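Down below is the structure, laid out as structure tokens.
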Amino acid sequence: MKAEYINPFIKSTWDIMTSMFNINPEPGKYYLYEQEKSHRWEISGGIVIQGSVTGFAALRMSKLLTKKLIEKTGLSFFDEQEKDMLAVDMLKEIINIIASNFLTQLEAASATVSPPFISQGKDHILKLPSIPVIAIPYITDFGPFLVLTGIVDTPQQS
Numbered sequence: 002m003k004a005e006y007i008n009p010f011i012k013s014t015w016d017i018m019t020s021m022f023n024i025n026p027e028p029g030k031y032y033l034y035e036q037e038k039s040h041r042w043e044i045s046g047g048i049v050i051q052g053s054v055t056g057f058a059a060l061r062m063s064k065l066l067t068k069k070l071i072e073k074t075g076l077s078f079f080d081e082q083e084k085d086m087l088a089v090d091m092l093k094e095i096i097n098i099i100a101s102n103f104l105t106q107l108e109a110a111s112a113t114v115s116p117p118f119i120s121q122g123k124d125h126i127l128k129l130p131s132i133p134v135i136a137i138p139y140i141t142d143f144g145p146f147l148v149l150t151g152i153v154d155t156p157q158q159s
């Protein structure tokens with residue numbers, strides 16, 4: 002895993018939170034992620050990366066945070082049930098923007114990303130690739146979120 006592959010995703014996530022939502026997330030200590038049987042995240046969105054690099058990147062957060070992000074975009078007139086439905090679309094759009102920015106910053110690699118996927122519900126599971134995945138927790142005034150990313154060079158076929 003190389004910093005030049007992981008840093009663009011982290012930077013893109015930071016940029017979207019600060020510029021689109023005017024939120025300044027405070028990063029916590031990063032760690033090597035292992036699948037959790039029980040966790041606090043109610044919704045996760047991610048992408049799969051393929052090409053000269055292979056990997057995975059995702060955001061995990063609470064529904065409360067997604068609802069606050071919806072409100073920050075000026076859509077506060079929706080009721081709670083509508084905000085629950087919009088949370089999926091909001092997270093997909095955030096992932097789309099981050100993925101686009103990520104690919105632009107990933108100058109040395111030729112890669113494509115999958116359409117964003119969403120997983121939600123109590124203790125939902127993310128299918129992780131069999132590569133190391135780094136987790137970076139963030140705190141905001143509206144709740145925490147977690148960035149997961151693991152990107153490696155694709156092995157060359159002989």
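Here our numbering = 1-based position in the sequence shown + 1.
All residues carry an ideal CB built from backbone N, CA and C; glycine is no exception.
Note that this is a predicted model, so its numbers are computed, not measured.
Range covered by the alpha helix (DSSP H) that runs through residue i
{"i": "SER20", "result": "4-20"}
{"i": "THR105", "result": "81-106"}
Residue i, enclosing beta strand (DSSP E) - first and last residue
{"i": "LEU149", "result": "146-154"}
{"i": "VAL54", "result": "54-62"}
{"i": "PHE118", "result": "118-121"}
{"i": "THR74", "result": "Per DSSP, THR74 belongs to no beta strand (DSSP E) and is neither H nor E."}
{"i": "ILE24", "result": "Counting along the chain, ILE24 falls outside any beta strand (DSSP E), and DSSP gives it neither H nor E."}
{"i": "VAL134", "result": "Unbroken run through VAL134: none, as it is neither H nor E."}
{"i": "LYS113", "result": "The displayed chain sequence assigns Thr, not Lys, to residue 113. Element bounds for THR113: 112-114."}
Of the listed residues the options, nearest to residue i (C-alpha basis)
{"i": "ILE135", "options": "ILE17, GLY56 and TRP42", "result": "GLY56"}
{"i": "HIS153", "options": "PHE10, THR67, PRO133 and PHE78", "result": "The sequence shown places Val at residue 153, not His. For VAL153, the nearest C-alpha among the options comes from PRO133."}
{"i": "PHE118", "options": "PRO138, MET21, ILE48 and MET91", "result": "ILE48"}
Own chain, CB closer than 7 Å to residue i, minus 5 neighbours either side, in chain order
{"i": "THR113", "result": "GLN51 and GLY52"}
Cβ-heavy atom distance, residue i to the ligand NAD, below 7 Å
{"i": "ALA4", "result": "Here there are no bound small molecules, and the ligand NAD is not part of this structure."}
If we count Cβ pairs, one from each stretch, closer than 8 Å, do we get three or more for the segment 93-108 versus the segment 120-132? Not touching, per the Cβ criterion.
Pair every Cβ in the segment 28-41 with every Cβ in the segment 77-85, then say whether three or more of these pairs are closer than 8 Å. no
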